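Asks:
Numbering (this note's numbering), first residue to last: 1060 to 1234.
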């Protein structure tokens, strides 16, 4: 979550995260605007075309994976189709878009958690959460790692070994 910090304020890591968020909003946030304001429109369009559904999600794989815009290198074509196909077979195109509409109307206050929290920041995440933000957001932050070799927004999908390593590292702090 972006705290109330203006560009130019905060640590260098915070400034970098704010700049990443601005780039994301300007270059890659069109899907969010569409799904947050008109989920049924995009949902019906995606439900009408398997090629449209596949290209809608494939575009996210291109931009959001740590793959130099070649997601088939890290995910493989079969695994990407395995991920895309359930949307088509279950007709959940519109309901998956509606989640953004519901989020858009939320108050976006931070949820306070009374449990140990771990944060892993993969190198090609859309916005790399600085440690200071995680510390502000979570009173019981027991694990934070932003020095991970590879991975993007879909880290568990594209780098399952690294993702499991991060889960285990966090779990060692809460045993």
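Positions of the beta carbon are idealized from the N, C-alpha and C atoms, including for glycine. Nothing here was measured: the structure is a model prediction, and the numbers come from that model.
If distances are taken between C-alpha atoms only, which option among 1222, 1122 and 1151 comes closest to residue 1087?
Replies: Comparing Cα positions, the closest option is 1122.
Asks: Quick one: grab the DSSP three-state call for residue 1088.
Replies: DSSP places residue 1088 in coil when its eight states are reduced to three.
Asks: Tell me which same chain residues have a C-beta within less than 6 Å of the C-beta of residue 1143, skipping the five on either side of it?
Replies: Excluding residues within five positions, the ones whose Cβ falls inside 6 Å are 1113 and 1116.
Asks: Is residue 1156 closer than 7 Å to residue 1094 when the C-beta atoms are compared?
Replies: Contact flag set, yes.
Asks: What's the call for residue 1125, buried or exposed, on a 16-neighbour Cβ count within 10 Å?
Replies: Buried, by the Cβ-count rule.
Asks: Which partner residues of residue 1203 appear in the DSSP bridge assignment?
Replies: DSSP output for residue 1203 lists 1178 as bridge partner(s).
Asks: Closer than 8 Å by C-beta to residue 1191: which residues in its own chain qualify, once you throw out the five before and the five after it? Chain order, please.
Replies: So the list reads 1069, 1070, 1072 and 1073, once near-sequence residues are dropped.
Asks: Counting pairs of Cβ atoms below 8 Å between the region 1136–1151 and the region 1161–1181, do you hit three or more?
Replies: No: the two stretches stay apart, fewer than three of their Cβ pairs being nearer than 8 Å.
Asks: Among all the DSSP beta bridges, which residues are the ones paired with residue 1211?
Replies: 1183, per the DSSP bridge assignment.
Asks: So for residue 1173, helix, strand or coil by DSSP?
Replies: Three-state result, residue 1173: coil.
Asks: Can you tell which of 1230, 1183, 1159 and 1111 has the C-alpha that lies nearest to the C-alpha of residue 1079?
Replies: Among 1230, 1183, 1159 and 1111, the Cα nearest to that of residue 1079 is on 1183.
Asks: Taking its Cβ as the centre, do 16 or more other Cβ atoms sit within 10 Å of residue 1108, making it buried, or is it exposed?
Replies: Result: exposed.
Asks: Under DSSP, the alpha helix (DSSP H) around residue 1227 begins and ends at which residues?
Replies: Segment 1219–1233, the alpha helix (DSSP H) holding residue 1227.
Asks: For the ligand PLP, is there any heavy atom lying closer than 6 Å to the beta carbon of residue 1137?
Replies: With respect to small molecules bound, the structure shown includes none, and the ligand PLP cannot be examined in it.
Asks: Kindly indicate which three-state DSSP category residue 1068 falls into: helix, strand or coil?
Replies: The answer is strand: DSSP assigns residue 1068 an E or B state.
Asks: Three-state secondary structure (DSSP) at residue 1126?
Replies: The answer is coil: DSSP assigns residue 1126 none of H, G, I, E or B.
Asks: Compute the distance between the beta-carbons of residue 1167 and residue 1201, then report whether it is under 7 Å.
Replies: The answer is no: Cβ separation not under 7 Å.
Asks: Please list the terminal residues of the continuous alpha helix (DSSP H) segment that includes residue 1131.
Replies: Residue 1131 -> no alpha helix (DSSP H), and no H or E assigned at all.
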